[in-house]
Amino acid sequence: MRVLVVGAGGVGSAAAGIARRREFFSRYVVADYDLARAVRVVDSVADDRFVAAQIDASDASAVAELCRAHEITHVLNAVDPRFVMPVFEGAHAAGADYLDMAMSLSHPHPDDPYHRTGVKLGDEQFAAATAWAAAGRLALVGIGVEPGLSDIFAKYAAEHLFARIDEVGVRDGGNLVVEGYEFAPSFSVWTTIEECLNPPVIYEKGRGWFTTEPLSEPEMFDFPGGIGPVECVHVEHEEVLLIPRWVDAGKVTFKYGLGREFIDVLRTLHKLGLDRTEPVRVGAASVSPRDVVAAVLPDPATLGDKMSGKTCAGTLVKGLGKDFAPREVYLYHLVDNEWSMREYGSQAVVWQTAINPIVALELLAAGVWKGTGVLGPEAFDPMPFLDKLVEYGSPWEMREQ
Numbered sequence: 003m004r005v006l007v008v009g010a011g012g013v014g015s016a017a018a019g020i021a022r023r024r025e026f027f028s029r030y031v032v033a034d035y036d037l038a039r040a041v042r043v044v045d046s047v048a049d050d051r052f053v054a055a056q057i058d059a060s061d062a063s064a065v066a067e068l069c070r071a072h073e074i075t076h077v078l079n080a081v082d083p084r085f086v087m088p089v090f091e092g093a094h095a096a097g098a099d100y101l102d103m104a105m106s107l108s109h110p111h112p113d114d115p116y117h118r119t120g121v122k123l124g125d126e127q128f129a130a131a132t133a134w135a136a137a138g139r140l141a142l143v144g145i146g147v148e149p150g151l152s153d154i155f156a157k158y159a160a161e162h163l164f165a166r167i168d169e170v171g172v173r174d175g176g177n178l179v180v181e182g183y184e185f186a187p188s189f190s191v192w193t194t195i196e197e198c199l200n201p202p203v204i205y206e207k208g209r210g211w212f213t214t215e216p217l218s219e220p221e222m223f224d225f226p227g228g229i230g231p232v233e234c235v236h237v238e239h240e241e242v243l244l245i246p247r248w249v250d251a252g253k254v255t256f257k258y259g260l261g262r263e264f265i266d267v268l269r270t271l272h273k274l275g276l277d278r279t280e281p282v283r284v285g286a287a288s289v290s291p292r293d294v295v296a297a298v299l300p301d302p303a304t305l306g307d308k309m310s311g312k313t314c315a316g317t318l319v320k321g322l323g324k325d326f327a328p329r330e331v332y333l334y335h336l337v338d339n340e341w342s343m344r345e346y347g348s349q350a351v352v353w354q355t356a357i358n359p360i361v362a363l364e365l366l367a368a369g370v371w372k373g374t375g376v377l378g379p380e381a382f383d384p385m386p387f388l389d390k391l392v393e394y395g396s397p398w399e400m401r402e403q
């Protein structure tokens, strides 16, 4: 296997640190628009299998050219979701398989955005499924932690724990604190704004997909690992678009444990128009307001040594167990920032995201996971993945509610 990772930011650099300990690949190219950043990642792993390259992720032909130059078999997309389609298309043009952790962007319904879906997350990619299958190539989409591991939890629950699933609710929360900052997102703020301020999607059997108000229906969810209760609200996320395609569930939701302060900041950004991506004129320059917000906030990859606490990603499943008695479980994955920094030098949120595509790549390299077309994590056997996660030293857990 010869891997190209597009993006040397927080997740891209964490993925390299995880992959360095594995033997399933012969070449690992770390590419970024900023060549110096890619070089820093390669230097940090000190492994001859790793090389750095420069790339413009907005240019599909550049992605294809780099794939051909290094005889790449698998492309891992680790850049913001606005670059999903050119990287996706570049991999296909080069005859490489493809993985990502966030799917192609949505576009709200033009007339009724808070009730009806417009272009949904991943629609552009699923539209190309026939072409990928005809080429005998695989695009494994949404294989981070959320989406990704959360979807695998849903598939595991459907196959091994439940006779009937009434609801799948992905719940994400943590108690991470960044010392010295009043406001410092632990993940890409560009992506965070996108998913939190777009109309969230909900799925119900018989009704299909529909939308609601951003940051709506707050609930207190008690997270394990000493995190405790965190206020969670609806945000737009890929699991709601992926899980119903492969898992029979009455309802699917995603709620993010943002906390009241974070929610208030996001609402203020929206009121001021600072969540917009369309460029505005500022003197002689044209700039995107959201890019300005991202530029003035710290790079999440640099915050690890200032962070403390844990992050939890998990899937709450309700229904009838195999004995047809009511059952409710929370399948989850915890990462302590102190541990991830000590073991890998990566902060908890980006590390938790990055481990999952590396596990998936290893399963694909071994032929344990196989497929063609555009597929989500739910399309594969969940047990080899969950077993491999334990082998990597980062076990998952389950709580009976």
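The numbering of the sequence shown is my numbering, which starts it at 3 and goes up by one. Using N, Cα and C, we set each Cβ at its ideal position, and we do this for glycine too.
Practice item. Can you check DSSP and say which residues form a bridge with Asn79? Key: Answer is Val8, Asp102.
Review point. Can you list, in chain order, the stretches of the beta strand (DSSP E) that have 3 or more residues and sit fully within the segment 320-363?
Key: With a minimum length of 3 residues, the continuous beta strand (DSSP E) runs that stay inside the segment 320-363 are 328-338.
Practice item. Could you round the C-beta distance between Lys122 and Pro384 to whole angstroms and report it? I think they count as a contact, below 8 angstroms. Key: Not quite, the Cβ-Cβ distance comes to about 24 angstroms (not below 8 angstroms), so this is no contact.
Check your understanding: On the three-pair Cβ rule with 8 angstroms, is the segment 199-208 touching the segment 159-167?
Key -> Between the segment 199-208 and the segment 159-167 there are fewer than three inter-stretch CB-CB distances shorter than 8 angstroms, so the stretches are not counted as touching.
Exercise for review: Return the bridge partner residues of Gln403 from the DSSP annotation.
Suggested key: The partner list for Gln403 (beta bridge, DSSP) is empty, contrary to what the question assumes.
Review point. Relative to the C-alpha of Val47, which residue among Val370, Tyr346, Ala96, Leu365 is closest?
Key: The shortest C-alpha separation from Val47 is found at Tyr346.
Point to revise | Residue range of the beta strand (DSSP E) that includes Val121 | key: That residue, Val121, is in no beta strand (DSSP E); it is neither H nor E in DSSP.
Check your understanding: From what residue to what residue does the beta strand (DSSP E) around Tyr205 run?
Key -> 203-206 is the span of the beta strand (DSSP E), which, as asked, contains Tyr205.
Review point. DSSP puts Met385 in a beta bridge; with which residues?
Key: For Met385, no pairing in a beta bridge is given by DSSP.
Point to revise | Inside the segment 228-268 only - alpha helix (DSSP H) runs reaching at least 4 residues | key: Restricting attention to alpha helix (DSSP H) runs no shorter than 4 residues, the segment 228-268 encloses them at 241-248, ordered along the chain.
Exercise for review: Could you tell me the distance, in whole angstroms, from the CA atom of Glu280 to the CA atom of Gly395?
Suggested key: Rounded to the nearest whole angstrom, the C-alpha separation of Glu280 and Gly395 is 43 angstroms.
Point to revise | Length of the line joining the Cα atoms of Thr193 and Ala136 | key: Thr193 and Ala136 have their C-alpha atoms some 32 angstroms from each other.
**Study point:** Alpha-carbon to alpha-carbon, Pro397 and Gly285
**Key:** Taking C-alpha positions only, Gly285 is separated from Pro397 by approximately 52 angstroms.
Point to revise | Integer Cβ distance of Gly14 from Val43, believed to fall under 8 angstroms | key: Right, the Cβ-Cβ distance comes to about 7 angstroms (below 8 angstroms), so this counts as a contact.
Point to revise | Selected residue, minimal CA-CA separation from Gly210, among Ala186, Leu243, Ile229, Val179 | key: For the residues Ala186, Leu243, Ile229, Val179, the minimum Cα distance to Gly210 belongs to Leu243.
Exercise for review: Give the straight-line distance between the Cα atoms of Ala18 and Thr304, rounded to the nearest whole angstrom.
Suggested key: About 16 angstroms.
Practice item. Return the CA-CA distance between Glu338 and Asp113, expressed in angstroms with no decimal places. Key: Correcting the residue identity first, residue 338 is Asp in this sequence and not Glu. Taken atom to atom, the span from the alpha-carbon of Asp338 to that of Asp113 is near 44 angstroms.
Check your understanding: Does the segment 215-226 come close enough to the segment 355-364 that 3 or more CB-CB pairs lie under 8 angstroms?
Key -> Per the Cβ contact rule, the segment 355-364 is not in contact with the segment 215-226 (fewer than 3 Cβ pairs under 8 angstroms).
**Study point:** Any 3 or more C-beta pairs closer than 8 angstroms across the segment 26-39 and the segment 314-323
**Key:** Too few Cβ pairs lie closer than 8 angstroms, so no.
Exercise for review: Measuring alpha carbon to alpha carbon, tell me which of Pro88, Gly275, Ala96, Ser60 ends up nearest Val5.
Suggested key: Cα-wise, what sits closest to Val5 is Ala96.
Practice item. With Ile2 as the anchor, note down where its beta strand (DSSP E) starts and where it stops. Key: Residue 2 is absent from the model: the chain starts at 3 and stops at 403.
Review point. Pro379 and Asp153 look like a contact to me (Cβ under 8 angstroms); what is the Cβ gap, rounded to whole Å?
Key: About 4 angstroms separates the two Cβ atoms, so the contact holds.
Review point. Hey, out of Gly150, Asp99, Pro115, whose CA is closest to Ala133's CA?
Key: Residue Asp99 is the option with its Cα nearest to Ala133.
Practice item. Would you identify the three-state DSSP class for Phe212, choosing helix, strand or coil? Key: Strand, per DSSP.
Practice item. Pick helix, strand or coil for Val41, following the three-state DSSP scheme. Key: Here Val41 sits in helix by DSSP.
Exercise for review: Please confirm whether Glu196 and Met105 have their CB atoms less than 8 angstroms apart.
Suggested key: Met105 is positioned such that its CB atom lies no closer than 8 angstroms to that of Glu196.
Check your understanding: When DSSP builds the beta bridges, which residues end up paired with Met3?
Key -> None, per the DSSP bridge assignment.
Practice item. Starting from the Cα of Asp175, find the closest Cα among Ala54, Pro300, Glu233 and give me that residue. Key: Before going further, note that residue 175 is Gly rather than Asp in the sequence given. Taking Gly175 as reference, the option from Ala54, Pro300, Glu233 with the minimal CA-CA separation is Glu233.
**Study point:** Thr270 classed as buried or exposed, judged by whether at least 16 other C-beta atoms fall within 10 angstroms
**Key:** Only exposed fits Thr270, as fewer than 16 other CB atoms lie within 10 angstroms of its CB.
Point to revise | Helix, strand or coil at Asp168 [DSSP, three-state] | key: Assigned with DSSP and collapsed to three states, Asp168 falls in strand.
Review point. Whole-angstrom Cβ separation of Lys1 and Val180, contact assumed at under 8 angstroms?
Key: Lying before the first or after the last residue shown, residue 1 is absent from the chain, which here runs from 3 to 403.
Review point. Would you report the Cα separation of Leu366 and Val32, rounded to the nearest angstrom?
Key: Between Leu366 and Val32, the alpha-carbon positions lie close to 19 angstroms from each other.
**Study point:** C-beta contact flag for Phe212 and Thr119 at 8 angstroms
**Key:** Cβ atoms of Phe212 and Thr119: closer than 8 angstroms.
Review point. Is the beta carbon of Ala64 sitting closer than 8 angstroms to the one on Asp34?
Key: At least 8 angstroms separates the beta-carbon of Ala64 from that of Asp34.
Exercise for review: Buried or exposed for Leu274, please, with buried defined as at least 16 other CB atoms from any protein chain shown within 10 angstroms of its CB.
Suggested key: Per the 10 Å Cβ criterion, exposed.
Exercise for review: Indicate the three-state DSSP secondary structure (helix, strand or coil) for Tyr30 in the structure shown.
Suggested key: Strand at Tyr30.
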